[in-house]
Amino acid sequence: LRNLGYIDKLGKAYHTQQDRELSLESHEHHEISNTEKLDRVLVKLFKMVVKGQKEDPEYYGMVAAAVIDPDNRIVASTSSHEDGKWIHAERNAIDKYKARYNEIPEGCIIVTTLSPCNEPMHDRAGSSCTDLINTTNIHKVYAGYTDPTQHDHDEQFTIGITNNKEIEQMCKRLADTFL
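All residue numbers for the sequence shown refer to my numbering, where the first residue is 1 and numbers rise by one.
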């Protein structure tokens, strides 16, 4: 740490002032915009969860997520229960996107009804959604509701939460069924 000469207001250390400025530029590049469009996607994801619950509540979960790429291709999924484990919606959406289009390109965003998990869970298949997203080219996540049970903030992406109170309440109602 003694070689890290610059520390920002969040306590992140940098070797040089130039490193800090590059990091700030990168963060600004990952700003979340067009929230009206993203809110419309959240409403569709909410409806996807409701439909899944009507079809097969034992299989379909209470969270939905979508990967949106720079060409506005959207791949969405709910969480699913398979082999005694929950496959979270973000993982399902990422896996489905990769199956359809191969790798995830720079500039993608994940839209999810509940902020990504980041702590250990015994009934979850795979690593946390935050750890998974950190390994992709996804640098933005837009959520309908913040999961109050998740406290470890090691995300390497920008996260935004809807400002639309009606949509936030819809997403909270879903989350309240299992949190």
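Glycine is no exception: its CB is placed at the ideal position from the N, C-alpha and C atoms.
C-alpha distance - residue i paired with residue j, whole-angstrom precision
i    : j    : result
T78  : D39  : 17 Å
K98  : E166 : 32 Å
A223 : S80  : Coverage of the chain is limited to positions 1 through 179, which leaves residue 223 absent and any answer about it impossible.
H153 : T136 : 17 Å
E155 : K54  : 33 Å
D56  : R173 : 19 Å
M228 : A64  : For residue 228 there is no data in the structure shown, the boundaries of the chain being 1 and 179.
D83  : D95  : 17 Å
L42  : D71  : 19 Å
Counted within 10 angstroms of its Cβ, other Cβ atoms place residue i as buried (16 or more) or exposed
i    : result
Y142 : buried
F178 : exposed
Y59  : exposed
G61  : buried
Cβ neighbours of residue i in the same chain (closer than 7 Å, five flanking residues each side left out)
i    : result
K140 : H30, I32, I109, F157, T158
R91  : G126, C129, L132
E106 : N137
K85  : D123, R124, A125
R185 : Missing from the structure shown is residue 185; the chain here goes from 1 to 179 and no further.
Proximal residues to residue i (C-beta, below 6 Å), its chain only, five neighbours per side dropped
i    : result
A175 : L114, Y145
N134 : Q156
C171 : T113, G144, Y145
Cβ neighbours of residue i in the same chain (closer than 8 Å, five flanking residues each side left out)
i    : result
C117 : H88, R124, S128, C129, T130, D147, Q150
D69  : Y97, Y101, I104, P105, G107, C108
E168 : G144, Y145, I161, T162
P120 : S128
Legend entry - Runs of alpha helix (DSSP H) lying entirely within the stretch 23-74, each at least 4 residues, in chain order: Those alpha helix (DSSP H) runs which fall completely within the stretch 23-74 and span 4+ residues are 35-55.
Inset, instruction - Jot down the residue ranges of each uninterrupted beta strand (DSSP E) in the stretch 117-174, minimum 3 residues, whole runs only, in chain order. - result: Taking 3 residues as the shortest admissible run, the stretch 117-174 contains the following complete beta strand (DSSP E) segments, listed from N- to C-terminal end: 140-143, 158-161.
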